[in-house]
Amino acid sequence: MTDTPLLELKNLHVGIPKRDGYLDIVKDVSFSIMPGEAFGLVGESGSGKSLTALSLIRLLKKPLKVSKGQILFKGRDLQTLSDREMRGLRGERIAMIFQEPMTALNPLKTVGRQIAEMFVLHRGMGWAEAGRKAVDALASVKVPAPEERVLAYPHQMSGGMRQRVMIAIALACDPDLLIADEPTTALDVTVQDEVLKLIGELCAARGTAVLMISHDLGVIANMCQRVGVMYSGRLVEERDTYDLFAAPRHPYTKGLLGALPRLGTRHGAAGRQRLVDIDGLIKDREALLQEFCFQPRNTIRDPRLRADGAA
Amino acid sequence: MRRFNLNLWLGGVLTLLVITGAVFAGYLTSLDPVFDANLMHAEEAPNGQFWFGTDEQGRDVYTRVLYGAQISLTVGIVSQIINSIIGLSLGISAAYWGGWWDDFVNGLTNVMLAIPSLIFALAIMAVLGPGLPSLLIALGLTNWSWTCRIARSSTLSLKGQGYVQAAQTLGYSDIRIMATQLLPNMVGPILVISTLGIGSAVLAEAALSFLGLGIRPPFPSWGSMLTGARELIVVAPWAAVFPGLAIFITVLGFNLLGDGLRDYLDPHMRTRQ
Numbered sequence: 195m196t197d198t199p200l201l202e203l204k205n206l207h208v209g210i211p212k213r214d215g216y217l218d219i220v221k222d223v224s225f226s227i228m229p230g231e232a233f234g235l236v237g238e239s240g241s242g243k244s245l246t247a248l249s250l251i252r253l254l255k256k257p258l259k260v261s262k263g264q265i266l267f268k269g270r271d272l273q274t275l276s277d278r279e280m281r282g283l284r285g286e287r288i289a290m291i292f293q294e295p296m297t298a299l300n301p302l303k304t305v306g307r308q309i310a311e312m313f314v315l316h317r318g319m320g321w322a323e324a325g326r327k328a329v330d331a332l333a334s335v336k337v338p339a340p341e342e343r344v345l346a347y348p349h350q351m352s353g354g355m356r357q358r359v360m361i362a363i364a365l366a367c368d369p370d371l372l373i374a375d376e377p378t379t380a381l382d383v384t385v386q387d388e389v390l391k392l393i394g395e396l397c398a399a400r401g402t403a404v405l406m407i408s409h410d411l412g413v414i415a416n417m418c419q420r421v422g423v424m425y426s427g428r429l430v431e432e433r434d435t436y437d438l439f440a441a442p443r444h445p446y447t448k449g450l451l452g453a454l455p456r457l458g459t460r461h462g463a464a465g466r467q468r469l470v471d472i473d474g475l476i477k478d479r480e481a482l483l484q485e486f487c488f489q490p491r492n493t494i495r496d497p498r499l500r501a502d503g504a505a
Numbered sequence: 007m008r009r010f011n012l013n014l015w016l017g018g019v020l021t022l023l024v025i026t027g028a029v030f031a032g033y034l035t036s037l038d039p040v041f042d043a044n045l046m047h048a049e050e051a052p053n054g055q056f057w058f059g060t061d062e063q064g065r066d067v068y069t070r071v072l073y074g075a076q077i078s079l080t081v082g083i084v085s086q087i088i089n090s091i092i093g094l095s096l097g098i099s100a101a102y103w104g105g106w107w108d109d110f111v112n113g114l115t116n117v118m119l120a121i122p123s124l125i126f127a128l129a130i131m132a133v134l135g136p137g138l139p140s141l142l143i144a145l146g147l148t149n150w151s152w153t154c155r156i157a158r159s160s161t162l163s164l165k166g167q168g169y170v171q172a173a174q175t176l177g178y179s180d181i182r183i184m185a186t187q188l189l190p191n192m193v194g195p196i197l198v199i200s201t202l203g204i205g206s207a208v209l210a211e212a213a214l215s216f217l218g219l220g221i222r223p224p225f226p227s228w229g230s231m232l233t234g235a236r237e238l239i240v241v242a243p244w245a246a247v248f249p250g251l252a253i254f255i256t257v258l259g260f261n262l263l264g265d266g267l268r269d270y271l272d273p274h275m276r277t278r279q
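In order, the protein sequences belong to chains L and R. The opening position of the first sequence corresponds to residue 195 in this note's numbering, with each subsequent residue numbered one higher. The opening position of the second sequence corresponds to residue 7 in this note's numbering, with each subsequent residue numbered one higher.
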């Protein structure tokens, strides 16, 4: 792990332009991912995980913008690339899979054609050759009878199968980085595990780095070597997965881990250990963005938890 | 099992009937629509020799209706293709790119909707002069606003779909996304509006020709045939009834075909066994 990182975020801020500067929603996020490494990003809804991911591939929706900071991919600042260069990177070097396999596939095209399109688009292949490669790609994600399934339409497949197709499309061009934005949230628990294993195996075999975004600590614990915990747009803790689970430092992380039911512990009824919840709610955004970050919800009232992020 | 699609079949049969009449007009009749005028047979009621009767100059109405189909279909289809190209490219790009371009296209569409298209077409015809090419241009430039509206609203709803976002993350260019992700997913509504558009273009052609600004007599357009038949409506109603019936069948056929196609193309009704 001594070589240069594949992806490096330096003090990334994402915000909405205001009359005077920006209203930042993602604040001062810095982390790096080594080639072949799996990095997890956890946090509750609205904590800025997905925005961080979208800013990586420069697909933030207007009016959101990267207001400060650098995104280095293989040492190149992605902000400085032209649209055409960026398009060449997307799907080819940086791929992404989404939460909803139900909608992420075009309902009018066979899945084979949608996989093949990647080869045509990024590798300049003809359709016939790309079609053969699509069968291989479908076989690699363990879809049974790939020769027949390439002719299937998305609505003829189950959620798990569709997510496999998405993985096949994302990994078609052997990208260096796979961004998985809650890839299993919409799936059955039994299917979740298979899909996660599949992502893990395929990426390990190809040396693809993974940025796994999830609110499910179990998913992260299974998949990732390192974890970043996001809260309210900040990266509040970033460490090795094992260390984080063994000894969480930030009170929010403690809260998250405390809220996780464990096998072998009885929860609920009187006298037994209760699941911990985190007091309060995320309060008014604008106030929150400026003043204290986790403080209002923190039962510990740790004075160090200020908005300057100095935890 | 697919449910029997009556609209598709009926619309298909009617449309096919009109297309066959237009394409094979030369084989379906031995007479010439313009020059075979025989005053000996003027204003004859339908009979064994003249199935649809004859007009005031003794020309066979059946023959003229067949040849009229050529003009009506050409005008209807070609002008609707022009309309679709304009409406789709403006509508999709406006909704996809947004910003000032969207505002501009919206404004233009509203202006077009505010002007009665037949009046606008009349104005264009007045400038270009009568004839088939100017008819195509006039009707092709005046009837794209609904296509544009529908393309725009479809794009707005499709833009948020996962597969459009996915296509962006996979490195598709904007034009490619519009052509391969957005366009195919709005084929249903666009086909419906286009077939309706063909119908209304056929009607508009008839109206313009009726007013003497479209196809000039003696060439047999359904509209110009109606002009001629107007004065005979009491003496020889068949000279007006049959071109009118032809217009009715054509417009009805395309409208039914549009509805039928929409059901047929719905991917959720498509099974592949």
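We put the beta carbon where it would ideally sit given N, CA and C, even for glycine. Bear in mind the structure is a predicted one, so any value in this text is a computation, not a measurement.
Give every residue of the same chain whose Cβ lies closer than 6 Å to the Cβ of T277(R), excluding the five residues on either side of it in the sequence, and list them in chain order. What you label residue 277(R) is simply residue 271 of the second sequence in a count that begins at 1. Any answer about T277(R) is weak, because its pLDDT of 49 lies below 50 and its placement is not dependable; what the coordinates show is given next. If we look at T277(R) and ignore the five residues flanking it on each side, it has no Cβ neighbours.
Do the region 312 to 319 of chain L and the region 397 to 407 of chain L touch if we need at least three Cβ pairs shorter than 8 Å? no
Should the region 110 to 129 of chain R be regarded as contacting the region 139 to 156 of chain R, the criterion being three or more beta carbon pairs within less than 8 Å? A contact is defined here as three or more CB-CB pairs under 8 Å, and the region 110 to 129 of chain R meets this definition with respect to the region 139 to 156 of chain R.
6 Å CB neighbourhood of G263(L) in its chain, flanking five on each side removed: By 1-based counting over the first sequence, the position of residue 263(L) is 69. The residues are K204, N205, L206, H207.
Let me know if V133(R) comes out buried or exposed under the rule of 16 or more other beta-carbons within 10 Å of its beta-carbon. Within the second sequence, the letter at position 127 stands for residue 133(R). Taking all protein chains in view, the Cβ of V133(R) is surrounded by fewer than 16 other Cβ atoms within 10 Å, so the residue is classified as exposed.
Any beta-carbon of chain R closer than 8 Å to the one on M537(L)? There is simply no residue 537(L) to check, as chain L begins at 195 and stops at 505 in what is shown.
So, at 8 Å on beta carbons, what are the nonlocal neighbours of A43(R) in its own chain, with the 5 sequence-adjacent residues on each side left out? Sequence index remark: in the second sequence, residue 43(R) carries index 37 (1-based). Closer than 8 Å at Cβ, skipping near neighbours: Q63, G64, R65.
Is the CB-CB distance between V404(L) and I414(L) below 8 Å? Translated into positions along the first sequence, residue 404(L) becomes position 210. Translated into positions along the first sequence, residue 414(L) becomes position 220. Not closer than 8 Å, so no.
Where does N205(L) fall in DSSP's three states? By 1-based counting over the first sequence, the position of residue 205(L) is 11. Here N205(L) sits in strand by DSSP.
Inspect the CB distances between the region 292 to 307 of chain L and the region 183 to 198 of chain R and report whether three or more fall short of 8 Å. yes
In the DSSP output, which residue or residues are listed as bridge partners for A132(R)? Here residue 132(R) refers to the residue found at position 126 when the second sequence is read from its first residue. DSSP output for A132(R) lists no bridge partner at all.
Selection from I204(R), A101(R), L16(R), A235(R) that minimises the alpha carbon distance to I181(R): Here residue 181(R) refers to the residue found at position 175 of the second sequence. Ranked by Cα distance from I181(R), the first of I204(R), A101(R), L16(R), A235(R) is A101(R).
Taking DSSP's pairing of strands, which residues face E431(L) in a bridge? Within the first sequence, numbered from 1, the residue matching residue 431(L) stands at position 237. Answer is V423(L), bridged to E431(L).
Hey, R326(L) and C367(L): beta-carbon distance below 8 Å or not? Numbered from 1 along the first sequence, position 132 holds the residue referred to as residue 326(L). Numbered from 1 along the first sequence, position 173 holds the residue referred to as residue 367(L). At least 8 Å separates the beta-carbon of R326(L) from that of C367(L).
Does the CB of E286(L) have a neighbour CB from chain R at under 8 Å? Indexing the first sequence from 1 puts residue 286(L) at position 92. It does; some Cβ of chain R falls within 8 Å.
By the three-class DSSP mapping on this structure, what secondary structure does D197(L) have? As a working mapping, residue 197(L) is identified with position 3 in the first sequence. Here D197(L) sits in coil by DSSP.
Hey, out of R252(L), Q357(L), L258(L), whose CA is closest to F267(L)'s CA? Reading the first sequence from its first residue, position 73 is the one you call residue 267(L). Minimum Cα distance to F267(L) is reached at R252(L).
In terms of residue numbering, what span does the alpha helix (DSSP H) encompassing Q171(R) cover? Start at 1 with the first residue of the second sequence, and residue 171(R) comes out as number 165. Note, Q171(R): alpha helix (DSSP H), 168 to 175.
Alpha carbon to alpha carbon, how far is E485(L) from S426(L)? Sequence index remark: in the first sequence, residue 485(L) carries index 291 (1-based). Sequence index remark: in the first sequence, residue 426(L) carries index 232 (1-based). Here E485(L) scores only 47 on pLDDT, less than 50, and its place in the model is too uncertain to base an answer on.
Within the same chain, show all residues whose beta-carbon is closer than 7 Å to that of T379(L), passing over the 5 residues directly before and after it, in chain order. Here residue 379(L) refers to the residue found at position 185 when the first sequence is read from its first residue. Excluding sequence neighbours, T379(L) sits near Q293.
Backbone CA spacing between A464(L) and Q171(R) [nearest angstrom]: Taking the first sequence and counting its residues from 1, one reaches residue 464(L) at position 270. Taking the second sequence and counting its residues from 1, one reaches residue 171(R) at position 165. Any reading at A464(L) needs caution, since the residue's pLDDT is 49, under 50, leaving its predicted position unreliable; the model's value is listed next. Rounded to the nearest angstrom, the two C-alpha atoms are 48 Å apart.
Closer than 7 Å by beta-carbon distance: list the chain L residues that pair up with G168(R), in chain order. Here residue 168(R) refers to the residue found at position 162 when the second sequence is read from its first residue. Result: F292, E294, T297, A298.
Chain-ordered neighbours of Y178(R) on chain L, where CB pairs are closer than 9 Å: One-based indexing of the second sequence puts residue 178(R) at position 172. What Y178(R) touches in chain L: R281, R284, G285, E311, L315.
Using CA atoms only, rank isn't needed, just tell me which of A51(R), A28(R), T80(R) is closest to E211(R). Indexing the second sequence from 1 puts residue 211(R) at position 205. Here the closest residue by C-alpha is T80(R).
Using beta-carbon positions only, say whether A245(R) and V67(R) come within less than 8 Å of one another. Taking the second sequence and counting its residues from 1, the one referred to as residue 245(R) is at position 239. Taking the second sequence and counting its residues from 1, the one referred to as residue 67(R) is at position 61. Yes, Cβ-Cβ distance for A245(R) and V67(R) is below 8 Å.
Under three-state DSSP, which class holds M312(L)? Start at 1 with the first residue of the first sequence, and residue 312(L) comes out as number 118. M312(L): helix per DSSP, three-state reduction.
Contact between the region 274 to 287 of chain L and the region 350 to 369 of chain L is defined here as three or more beta-carbon pairs at a separation below 8 Å; is this criterion met? yes
What are the start and end residues of the alpha helix (DSSP H) that includes S78(R)? Numbered from its first residue, the second sequence carries residue 78(R) at position 72. From DSSP, the alpha helix (DSSP H) with S78(R) extends over 67 to 103.
Beta carbon proximity, T256(R) to chain L, threshold 8 Å: The residue you call residue 256(R) lines up with position 250 of the second sequence. Not an interface residue.
Closest Cα partner of A331(L) within the set G237(L), R358(L), D382(L), T246(L): The sequence position of residue 331(L) within the first sequence is 137, counting from 1. Closest by alpha carbon: R358(L).
Select from I196(R), P136(R), I183(R) the residue whose C-alpha is nearest the C-alpha of S160(R). Walking along the second sequence from the start, residue 160(R) turns up at place 154. In terms of Cα proximity to S160(R), the closest of I196(R), P136(R), I183(R) is I196(R).
Opening and closing residue of the beta strand (DSSP E) in which D375(L) lies: The residue labelled residue 375(L) in the question sits at position 181 within the first sequence. It spans 371 to 375 - the beta strand (DSSP E) in which D375(L) sits, taken as one unbroken run.
How about W228(R) and P249(R): are their beta carbons less than 8 Å apart? Counting from one through the second sequence, the residue named residue 228(R) turns up at place 222. Counting from one through the second sequence, the residue named residue 249(R) turns up at place 243. The answer is yes: Cβ separation under 8 Å.
I'd like to know whether the C-beta of I363(L) is nearer than 8 Å to at least one C-beta of chain R. One-based indexing of the first sequence puts residue 363(L) at position 169. Closer than 8 Å: yes.
With 16 other Cβ atoms within 10 Å as the buried cut-off, status of D109(R): For the purposes of this step, residue 109(R) is taken as the residue at position 103 of the second sequence. Exposed, since its Cβ has fewer than 16 Cβ neighbours within 10 Å.
Which bits of chain R does L253(L) rub up against, with CB to CB less than 7 Å? Indexing the first sequence from 1 puts residue 253(L) at position 59. Going along chain R in sequence order, the residues near L253(L) (Cβ under 7 Å) are Q174, T175.
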